[in-house]
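Visitor:
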Amino acid sequence: MKIIDKIFPVEAAAPQRDVIARAVAVLQSGGMVVFPTQGLYGLGVAALNAPAVEAIYNLKGRNRAKPILVLIDTLRMLESVAEPPSARIRSLMTHFWPGGVTFVVHARAGLPVVLTGGGANIGVRQVAHPVARAIVQAMQTPITGTSANLSGAGGCALVADIDPTVIDRVDLVLDAGRLAGGVGSTVVDCTAGKPVILRAGAVPVDEIMDVWHRLAKRRVGE
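Right under this line is the structure:
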């Protein structure tokens, strides 16, 4: 397929149903889709499809010990990839989702080993961008949300800036124009029962910890 034939414009604020349906068809068949997230373009496959996830590692040249971010639409969908979090962690998620916080939680038993990098945890984020959210809603199952780049390279806010190797090997590209760019999500490890910041990012660390302490004072989850 020619590159021009796999790139489809998509309205960022109100994605066209036919374009979303095309993306869903590709994902359900095990294919890869480049799509817009809040700041940068992401690379998506059906998260529970092990061969499709393997294809992402191969394309990006990614270290297989590094798990891949999963995007969800609802807290109920979280249950398909993660063990139920505590009530307090759940409240923390609800406060910041959808948005720029990735929570690392205990992975549900039976997930593809390639998705978790062979570990016991998984990073999850509820998507905020209308296009990404429409895809996950239509899929009714999580998709991957790793950046659309080769491992070690920077993320891209423009489709034109994505490495040609990526564009050549994916099955579909949804072009929403220039995205906001900026830093990635703040990554919070919740596997020990309280938040540990692994990476500063879009949401200030102080804001996250302030909400956590307020939840503790209210004795949420006790």
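Adding 6 to a residue's 1-based position in the sequence shown gives its number in my numbering.
For each residue, glycine too, the CB sits at the ideal point set by N, CA and C.
Remember, predicted model here, so these are calculated numbers, not experimental data.
1. Taking only three categories from DSSP, how would you classify N69?
2. How about H112 and T171: do their beta carbons lie closer than 8 Å?
3. Hey, how far is the Cα of A53 from the Cα of L204?
4. Just grab the DSSP bridge partners of V111 for me.
5. Put L49 into one of helix, strand or coil per three-state DSSP.
6. Return helix, strand or coil for R225, following the three-state DSSP convention.
7. DSSP three-state label for V165, please.
8. Under the three-state reduction of DSSP, which class applies to A88: helix, strand or coil?
9. Our contact map puts V150 next to I13 with C-beta atoms below 8 Å; I'd like the distance itself, whole angstroms only.
10. So, using beta-carbon positions, are I74 and V142 closer together than 8 Å?
11. Under 8 Å, do L84 and V130 count as touching if we go by C-beta distance?
12. Can you tell me whether N55 is buried or exposed, with buried defined as 16 or more other CB within 10 angstroms of its CB?
Guide: Reading it off the structure:
1. Here the question's residue 69 lines up with position 63 in the sequence shown. Coil at N69, not helix or strand.
2. On the sequence shown, position 106 is the one that residue 112 refers to. On the sequence shown, position 165 is the one that residue 171 refers to. In terms of Cβ geometry, H112 and T171 do not form a close pair [threshold 8 Å].
3. If you number the sequence shown from 1, residue 53 lands on position 47. If you number the sequence shown from 1, residue 204 lands on position 198. When only Cα atoms are considered, A53 and L204 end up about 22 Å apart.
4. Locating residue 111 in the sequence shown gives position 105, counting from the first residue. Among the bridge pairs identified by DSSP, V111 is matched with I128.
5. Against the sequence shown, residue 49 aligns to sequence position 43. In the structure shown, L49 sits in a strand (DSSP, three-state: E or B).
6. Locating residue 225 in the sequence shown gives position 219, where the first residue counts as 1. The three-state reading of DSSP puts R225 in coil, since its state is none of H, G, I, E or B.
7. For the purposes of this step, residue 165 is identified with residue 159 of the sequence shown, where counting begins at 1. In the three-state scheme derived from DSSP, where H, G and I count as helix and E and B as strand, V165 is classed as helix.
8. Counting from 1 along the sequence shown, the entry for residue 88 is found at position 82. Strand, per DSSP.
9. As a position in the sequence shown, residue 150 is number 144, starting the count at 1. As a position in the sequence shown, residue 13 is number 7, starting the count at 1. Reading the sequence as shown, one finds Thr at residue 150 and not Val. Contact between T150 and I13 does not hold, since the beta-carbon distance rounds to 20 Å and is not under 8 Å.
10. As a position in the sequence shown, residue 74 is number 68, starting the count at 1. As a position in the sequence shown, residue 142 is number 136, starting the count at 1. Taking 8 Å as the Cβ cut-off, I74 and V142 do not qualify as a contacting pair.
11. Here the question's residue 84 lines up with position 78 in the sequence shown. Here the question's residue 130 lines up with position 124 in the sequence shown. Their beta carbons are under 8 Å apart, which means L84 touches V130 by this criterion.
12. As a first step, residue 55 is located in the sequence shown; it is residue number 49 there, counting from the start. Classification for N55: buried.
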